[in-house]
Amino acid sequence: MDLSTSYLGLKLRNPIIVGSSKLTSTFENVKKCIDQGAGAIVLKSLFEEQLLTDSDRLIEKDAKYFWYPEAIDYISTYSKAYGIREHLDLIKEIKAYSKDVPVIVSVNCVTNKEWPQFSKHFEDAGADAIELNISIFPFDTVTESISLEDEYVEIIREVKKNVNLPISVKIGPYFTNPNRIAKRLVKAGASGIVLFNRFYRPDINIETQEVVHDNFLSSSQEMTQSLRWVSILSQKLECDLSASTGIHDYQAVVKQLLAGASSIQLCSALYNKGIGYLDTILFDLQKWMTKNEYASISDFKGKVASDANNTPAFLRVQYMKRNFD
Numbered sequence: 000m001d002l003s004t005s006y007l008g009l010k011l012r013n014p015i016i017v018g019s020s021k022l023t024s025t026f027e028n029v030k031k032c033i034d035q036g037a038g039a040i041v042l043k044s045l046f047e048e049q050l051l052t053d054s055d056r057l058i059e060k061d062a063k064y065f066w067y068p069e070a071i072d073y074i075s076t077y078s079k080a081y082g083i084r085e086h087l088d089l090i091k092e093i094k095a096y097s098k099d100v101p102v103i104v105s106v107n108c109v110t111n112k113e114w115p116q117f118s119k120h121f122e123d124a125g126a127d128a129i130e131l132n133i134s135i136f137p138f139d140t141v142t143e144s145i146s147l148e149d150e151y152v153e154i155i156r157e158v159k160k161n162v163n164l165p166i167s168v169k170i171g172p173y174f175t176n177p178n179r180i181a182k183r184l185v186k187a188g189a190s191g192i193v194l195f196n197r198f199y200r201p202d203i204n205i206e207t208q209e210v211v212h213d214n215f216l217s218s219s220q221e222m223t224q225s226l227r228w229v230s231i232l233s234q235k236l237e238c239d240l241s242a243s244t245g246i247h248d249y250q251a252v253v254k255q256l257l258a259g260a261s262s263i264q265l266c267s268a269l270y271n272k273g274i275g276y277l278d279t280i281l282f283d284l285q286k287w288m289t290k291n292e293y294a295s296i297s298d299f300k301g302k303v304a305s306d307a308n309n310t311p312a313f314l315r316v317q318y319m320k321r322n323f324d
């Protein structure tokens, strides 16, 4: 039985990817993921905001010692480079252990001013691809949706100028027209799109009357949001789609593959059940394939989405149908 698939032009031994999280922040954890059968690894995100803040604090703290612009540029560059050094070492260590499991660097960025110059370092360290986790939120009343789309596009273009690695873009579900932004991202150079990002979700404790953030893990009910759009976009885009958020068992994996996903990203399920759960999901996936007489992933990938009879179900919004063309 052949579980292999292709994602971002990379061959994966199976479609299960361990998503960016603390589970992929150390070599020990990544090694466990690989040993349990992970098809690829997305490293814990490196935050542009964090690096900018760290370097700015360093400059502010020692400002009296740096009277020249060249000195400020130097300390800023040093701070940022130091921030990614551990990441680069981790990439090298993982690739030394296993050359067959792709390592994808996750970059959480909000501008196109900093990350493009760092991307080359990831490529030199041996990374196989870059996942741009772009999270730009309009918390004002004047920003127009088209300007947000333009920022996403510019980030991709700038990174593509600096690296030859394939790039995927992890987006949220809050765009006015996911079809439009997805096509623009692909045109700008994205080889894949990850659907969807699960953003920080503040809550309020009514006893203490304070803001809390206890719901950082997804629930299985959240899976259908990406399922809809994987199905719709898989028939419209010339790029790979990776399904993310709310995928907690092999049934959800099968559903996303039937909808046309090239890969599946797991995170919360592994937090809840341990990294060893990877092996269970792969075993159950093979059992399902055997039962349904499929010899490979390609035998059923996109089968449901490509059936025109199923299209209306994915386009239905309450009791109305929308035409997204």
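For the sequence shown, numbering that gives the first Met the number 0 assigns the number 0 to the initial residue and increments by one for each residue that follows.
The beta-carbon is built from N, C-alpha and C at its ideal position, and this holds for glycine as well.
Predicted model only: the values in this text are computed from it and were never measured.
The beta strand (DSSP E) spanning residue i covers which residue range?
| i | result |
| --- | --- |
| K10 | L9 to L11 |
| C108 | V102 to C108 |
| D202 | D202 to N204 |
| V303 | Unbroken run through V303: none, as it is neither H nor E. |
Output yes or no for whether 8 Å exceeds the beta carbon distance between residue i and residue j.
| i | j | result |
| --- | --- | --- |
| I280 | I15 | yes |
| I83 | V102 | no |
| V100 | I40 | yes |
| K43 | S24 | yes |
| F195 | Q224 | yes |
| I263 | Q255 | yes |
| I205 | V211 | no |
| K169 | V193 | yes |
| Q220 | G245 | yes |
| C266 | G18 | yes |
| E122 | F26 | no |
| S243 | A304 | no |
Out of the options, which one is the CA nearest neighbour of residue i?
| i | options | result |
| --- | --- | --- |
| K235 | S118, F136 and G191 | G191 |
| K112 | N13, D1 and Y151 | Y151 |
Spell out the partners DSSP gives residue i in its beta bridges.
| i | result |
| --- | --- |
| Y6 | L9 |
| I40 | V17 and V102 |
| I192 | V168 and L240 |
| D213 | Beta-bridge pairing links D213 to no other residue. |
| D88 | D88 is not bridged to any residue. |
| S295 | D1 |
| F264 | Correcting the residue type first, residue 264 is Gln in the shown sequence and not Phe. Per DSSP, I16. |
First and last residue of the alpha helix (DSSP H) that includes residue i?
| i | result |
| --- | --- |
| N271 | S267 to K272 |
| N28 | F26 to D34 |
| D278 | Y276 to K290 |
Hey, which unbroken runs of the alpha helix (DSSP H) at 4 residues or more fall wholly within the region 118-182? Counting only runs of 4 or more, we get 144-161.
Let me know the alpha helix (DSSP H) ranges lying completely inside the region 218-260, each 4 residues or longer, listed in chain order. If only uninterrupted alpha helix (DSSP H) runs of at least 4 residues are considered, those enclosed by the region 218-260 are 222-233 and 249-258.
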